[in-house]
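Notes follow the structure.
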Amino acid sequence: MFPIRFIRSSSTGRTREIIKFYYDFKSPFTYLALEPALQLEKDYPVQIRFIPRSFHTQQSFGGNLIERNRLHVNKVQYLDLDCQRFAKERGLIIREPKHSFDSRLSLIAGLYADKHQFFHAFASRTFELFFKRQLNIENMDEIIKLLYETSKKDKTFEEFSQDFQNYFNSQGQQDYLNAEIEAEQDHVFDVPMFIIRDELFWGHDRISWAKNKLDSLKLRNN
Numbered sequence: 001m002f003p004i005r006f007i008r009s010s011s012t013g014r015t016r017e018i019i020k021f022y023y024d025f026k027s028p029f030t031y032l033a034l035e036p037a038l039q040l041e042k043d044y045p046v047q048i049r050f051i052p053r054s055f056h057t058q059q060s061f062g063g064n065l066i067e068r069n070r071l072h073v074n075k076v077q078y079l080d081l082d083c084q085r086f087a088k089e090r091g092l093i094i095r096e097p098k099h100s101f102d103s104r105l106s107l108i109a110g111l112y113a114d115k116h117q118f119f120h121a122f123a124s125r126t127f128e129l130f131f132k133r134q135l136n137i138e139n140m141d142e143i144i145k146l147l148y149e150t151s152k153k154d155k156t157f158e159e160f161s162q163d164f165q166n167y168f169n170s171q172g173q174q175d176y177l178n179a180e181i182e183a184e185q186d187h188v189f190d191v192p193m194f195i196i197r198d199e200l201f202w203g204h205d206r207i208s209w210a211k212n213k214l215d216s217l218k219l220r221n222n
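Each residue of the sequence shown is one higher than the last, beginning at 1 in UniProt numbering.
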């Protein structure tokens with residue numbers, strides 16, 4: 001059901017190790033982890049496999065905003081402060097969303113973009129616009145427009161729109177469910193999450209540990 005651990009490049013013939021990267025477009029810390037994750041593919045003979053995993057605020061922070069006690073509120077406020085610090089260092093804009101979003105539509109769009117080999121462009125733009133509060137990830141029209149803008153544009157917009165909607169209403173739902181099942185099997189409790197040979201690395205600031213793991217496996221591009 002799930003992919004093998006290694007893949008051979010058709011262009012170079014070299015074997016590349018697959019690293020799993022669980023993400024959610026409404027997670028600011030996943031936004032911070034995206035570019036470092038992409039950099040791994042340049043520095044090591046690895047291929048990042050992007051897998052959607054919906055980030056559940058209630059599970060992570062203990063209920064909705066009304067139900068949280070003062071301890072949970074303090075935790076959320078501190079995490080937001082940390083996020084702003086990291087974003088400022090990178091020159092990124094991360095504004096707290098005005099309400100809790102359901103990211104399922106955007107995550108299925110990510111699966112579609114990945115299948116058609118333009119995930120990197122779509123993901124980067126989705127994160128940027130969402131955290132500038134310029135994208136509603138629950139709006140089908142906005143998601144389709146962004147998908148098309150970041151795609152290879154080898155179809156008309158109308159053909160592209162229909163193709164994505166067909167995918168969303170059928171195979172996309174199954175692909176999303178498969179990703180959820182895989183996340184459960186991988187014991188993924190939050191995002192962003194890197195998995196290298198079954199070892200979990202949670203958080204964008206664990207990238208140095210992920211690199212140490214790859215170095216210990218003697219994985220380096222020449």
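Backbone N, C-alpha and C fix where the C-beta goes; we use that ideal spot for every residue, glycine too.
Residue from the options whose Cα sits closest to the Cα of residue i
| i | options | result |
| --- | --- | --- |
| I113 | I181, N212, S161, V46 | Before going further, note that residue 113 is Ala rather than Ile in the sequence given. Comparing Cα-Cα distances from A113 to each of I181, N212, S161, V46, the minimum goes to S161. |
| A37 | R53, F25, I19 | I19 |
| D205 | L79, E41, Q185, I48 | L79 |
| M140 | S124, R104, R133, E128 | R104 |
| Q117 | K42, Q185, K152 | K152 |
| R14 | N169, Y44, Q173 | Y44 |
Residues near residue i in its chain [Cβ-Cβ closer than 7 Å; skip 5 each side]
| i | result |
| --- | --- |
| K213 | I196, E199 |
| F131 | P28, Y31, I93, I94, R95 |
| F138 | Going by the sequence as given, residue 138 is Glu instead of Phe. Hits under 7 Å: F101, D102, L105. |
| G172 | I108, L111, Y112 |
Same chain, Cβ closer than 6 Å to residue i, five either side skipped, listed in chain order
| i | result |
| --- | --- |
| Q59 | Note on Q59: pLDDT 48, under 50, position unreliable in the model; the coordinate value appears next. For Q59, where only same-chain residues beyond five positions count, there are no Cβ hits under 6 Å. |
| A109 | I143, L147 |
| L107 | P52 |
| T150 | F118, A121, F122, R125 |
Span separating the alpha-carbon of residue i from that of residue j
| i | j | result |
| --- | --- | --- |
| K98 | K155 | 35 Å |
| M1 | K115 | For M1, the predicted model reports a pLDDT of 43, less than 50, meaning its position is unreliable; a value from the coordinates is still stated below. If you take the alpha carbons of M1 and K115, they lie about 16 Å apart. |
| K145 | F194 | 29 Å |
| F127 | F189 | 21 Å |
| F164 | V46 | 29 Å |
| residue 230 | E180 | Because the chain spans 1 through 222 in this model, residue 230 falls outside it and cannot be assessed. |
| F168 | E184 | 22 Å |
| R70 | A33 | 29 Å |
Contacting residues, own chain, Cβ-Cβ under 8 Å from residue i (five flanking each side not counted)
| i | result |
| --- | --- |
| F157 | Y148 |
| D82 | none |
Whole-number beta carbon distance between residue j and residue i, since they are thought to touch under 8 Å
| i | j | result |
| --- | --- | --- |
| K26 | F55 | 6 Å |
| L219 | E17 | 6 Å |
| P192 | F21 | 7 Å |
Inset, instruction - Please go through the segment 59-131 and give each complete alpha helix (DSSP H) segment of 4 or more residues, from N-terminal end onward. - result: If we require 4 residues or more, the alpha helix (DSSP H) runs fully inside the segment 59-131 come out as 70-90, 104-115, 119-131.
Legend entry - Ordered list of alpha helix (DSSP H) runs contained in the segment 143-212, each at least 4 residues: Taken in chain order, the whole alpha helix (DSSP H) runs of length 4 or more contained in the segment 143-212 are 157-169, 171-185.
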